[in-house]
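Undergrad: Got a structure for you, written out below as structure tokens; questions coming shortly.
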């Protein structure tokens, strides 16, 4: 599994005037150390991940491939810390240059102009001829899972502001497609497995919100992983095919009760709560039959329980019961407390600023304070994310990639690396190794290449 996160970027004037740098200029300032290191805004790192500048001046971080959930959480948070460090360095440089600006990075999905940017989930699955049929069966789950793992959204329309579950729901225009920006589907079918194409395929999910709470990120990935395990075992998901997924995903986001009737293709209706409960029940029953429940690690056992408790909270209209674990509930509780204390409504500009602060990953954001005070639960062991800034996961191919990059940088050798390829660039030619197995943690050819680096 892996997560790609596009960040919102702005350079705010420190005195409240117009931004001193536009997004492109701010991005170049942010990426100055990366450009100096590799002469590019696209760099694979020694921790196995990829840090780069995407279209539209969006800083983006892709985690290394992970097969341990805690590793994935640590690598996702490592991306936040890496970008926060780059922002701090850029802001110090701006101050030294006398430029009255401060760069902020937002782990959210919409800007003030209505543009959307994404959080993409990647799951490695077996290559099968019925791939599209199988992922189509998951669409009702993806349409409705926002009632559990949505980041919370302040929707502005005709001068009114309302709170919804998801920032991405309004931005989806197709269910399944090979396009990513033109039609923006929930599941992108572009066939890029980043591994042995005869064995694997990548399921590329682009419908989800960017999450701040560790528990929400973990639940988003673990629940989807569980459904994929069931499908790859030959299990059949409940037939809840929606008549109009685009209409359903918007209706689900708007209705905080989770009870809006969604029209089914076979006739009749089902609510988001009913769909999520039936999906969760199907997973639990399958895991029980296969004996997986008895083998679940403590993290996944907690997340399966959280999935149920989050649905109970929506049904009971009790967001406070999950406000330290689920993003939309944490944000809603934060905004309500501020409104009650200050006598404000959601239309007030200070609420919009507080909403942004929830997603700000720089030192001006709220996440660190909320975690330290217990307002957001943490799942990671101490210093796990800091370690993941430098150390790749040790149970996947990322270990080899990270060791190669670290060796090349230490010996000041020219190199190139991507998800599958390691290249040592020399005057007499390029020496390359192709890593097709995402689960291989050692490779004799890569070891030989690294030995040549040290010569």
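In the working numbering, the protein residues as written are 818 to 1272.
Ideal Cβ placement from N, Cα and C applies to all residues, glycine included.
Since the model is a prediction, treat every value here as computed from it, not as a measurement.
1. Quick one, are the C-beta atoms of residue 1252 and residue 1260 less than 9 Å apart?
2. What does DSSP give as the partner residues of residue 1020 in its beta bridges?
3. Between the alpha carbons of residue 831 and residue 839, how many angstroms are there, rounded?
4. In chain order, which beta strand (DSSP E) runs of at least 3 residues are fully inside the region 912-975?
5. Less than 6 Å between C-beta atoms, sequence neighbours within five positions excluded: which residues of the same chain meet that for residue 935?
6. Let me confirm a value: residue 872 is counted as buried when at least 16 other C-beta atoms fall within 10 Å, else exposed. Which label applies?
7. Alpha helix (DSSP H) containing residue 1045: first to last residue?
8. Nearest-angstrom Cα distance between residue 1232 and residue 1209?
9. Please go through the same chain and pick out, in chain order, the residues whose beta-carbon is closer than 6 Å to the beta-carbon of residue 1089, but skip the five residues on each side of it.
10. Note the first and the last residue of the continuous alpha helix (DSSP H) segment covering residue 995.
11. Helix, strand or coil: how does DSSP classify residue 1232 here?
12. Quick check on residue 857: buried or exposed, where buried means 16 or more other Cβ atoms within 10 Å of its Cβ?
13. From the DSSP output, which residues share a beta bridge with residue 825?
14. Quick one: Cα of residue 1072 to Cα of residue 1139, how far?
15. Assuming residue 1188 and residue 1195 are in contact, meaning their beta carbons sit under 8 Å apart, how far apart are those beta carbons, in whole angstroms?
16. Give me the Cα-Cα distance between residue 835 and residue 929, rounded to the nearest whole angstrom.
17. Taking the DSSP output, what are the residues bridged to residue 839?
18. Cα-Cα, which of 1190, 1048, 1087, 1126 is closest to residue 950?
19. Residue 920 and residue 912 look like a contact to me (Cβ under 8 Å); what is the Cβ gap, rounded to whole Å?
20. Could you check the C-alpha separation between residue 914 and residue 828 for me, to the nearest Å?
21. Residue 1133 and residue 1143 - do their beta-carbons sit closer together than 9 Å?
22. With a threshold of 6 Å on Cβ separation, who are the neighbours of residue 959 within its own chain once the five nearest residues in sequence on each side are excluded?
23. Taking Cβ to Cβ, would you say residue 1258 is nearer than 9 Å to residue 1223?
24. Three or more beta-carbon pairs under 8 Å between the region 1148-1161 and the region 1110-1125, yes or no?
25. Mind reading off the beta-carbon distance from residue 1193 to residue 1141? Whole number of angstroms is fine, and I expect it under 8 Å.
26. Give the single residue among 986, 902, 922, 925 whose Cα lies nearest to the Cα of residue 1066.
27. So, for residue 1092: in the same chain, excluding its five sequence neighbours on each side, which residues have a beta-carbon less than 6 Å away from its beta-carbon?
28. Given residue 869, which residues of its chain have a CB within under 7 Å of its CB, disregarding the five upstream and five downstream residues?
29. Report buried or exposed for residue 875, applying the criterion of at least 16 other Cβ atoms within 10 angstroms of its Cβ.
30. In the DSSP assignment, find the unbroken beta strand (DSSP E) run with residue 1239 in it and report its ends.
31. Short check: CB of residue 882 to CB of residue 818, under 9 Å?
32. Tell me whether the beta-carbon of residue 1097 lies closer than 9 Å to the beta-carbon of residue 1125.
33. Going by C-alpha to C-alpha distance, which of 1173, 1099, 1266 sits closest to residue 922?
34. Applying the 10 Å Cβ sphere with the 16-neighbour rule, what's the burial state of residue 1177?
35. Hey, could you find the ends of the alpha helix (DSSP H) residue 1150 is sitting in?
36. With a 10 Å radius around its C-beta and 16 neighbouring C-beta atoms as the bar for buried, classify residue 1021 as buried or exposed.
TA: Put simply:
1. Going by C-beta atoms, residue 1252 is nearer than 9 Å to residue 1260.
2. 940
3. Near 14 Å, if we compare the C-alpha coordinates of residue 839 and residue 831.
4. Qualifying beta strand (DSSP E) stretches, in chain order: 918-923, 936-943, 970-974.
5. So the list reads 823, 1023, once near-sequence residues are dropped.
6. Exposed is the call here.
7. 1031-1049
8. 18 Å
9. 961, 964, 1069, 1075
10. Where residue 995 is concerned, there is no enclosing alpha helix (DSSP H), given that its DSSP letter is neither H nor E.
11. strand
12. exposed
13. 923
14. 18 Å
15. 5 Å
16. 15 Å
17. Its beta-bridge partners do not exist; DSSP assigns none.
18. 1048
19. Actually they do not touch by this definition, with Cβ atoms about 11 Å apart.
20. 15 Å
21. No, the Cβ-Cβ distance between residue 1143 and residue 1133 is not below 9 Å.
22. 1003, 1024
23. no
24. no
25. 6 Å
26. 986
27. 957, 961, 1057
28. 858, 859, 860, 877
29. buried
30. 1238-1243
31. yes
32. A contact, by the Cβ cut-off of 9 Å.
33. 1173
34. Residue 1177 comes out buried.
35. Per DSSP, residue 1150 belongs to the alpha helix (DSSP H) from 1144-1159.
36. With 16 or more neighbouring CB atoms inside 10 Å of its own CB, residue 1021 falls in the buried class.
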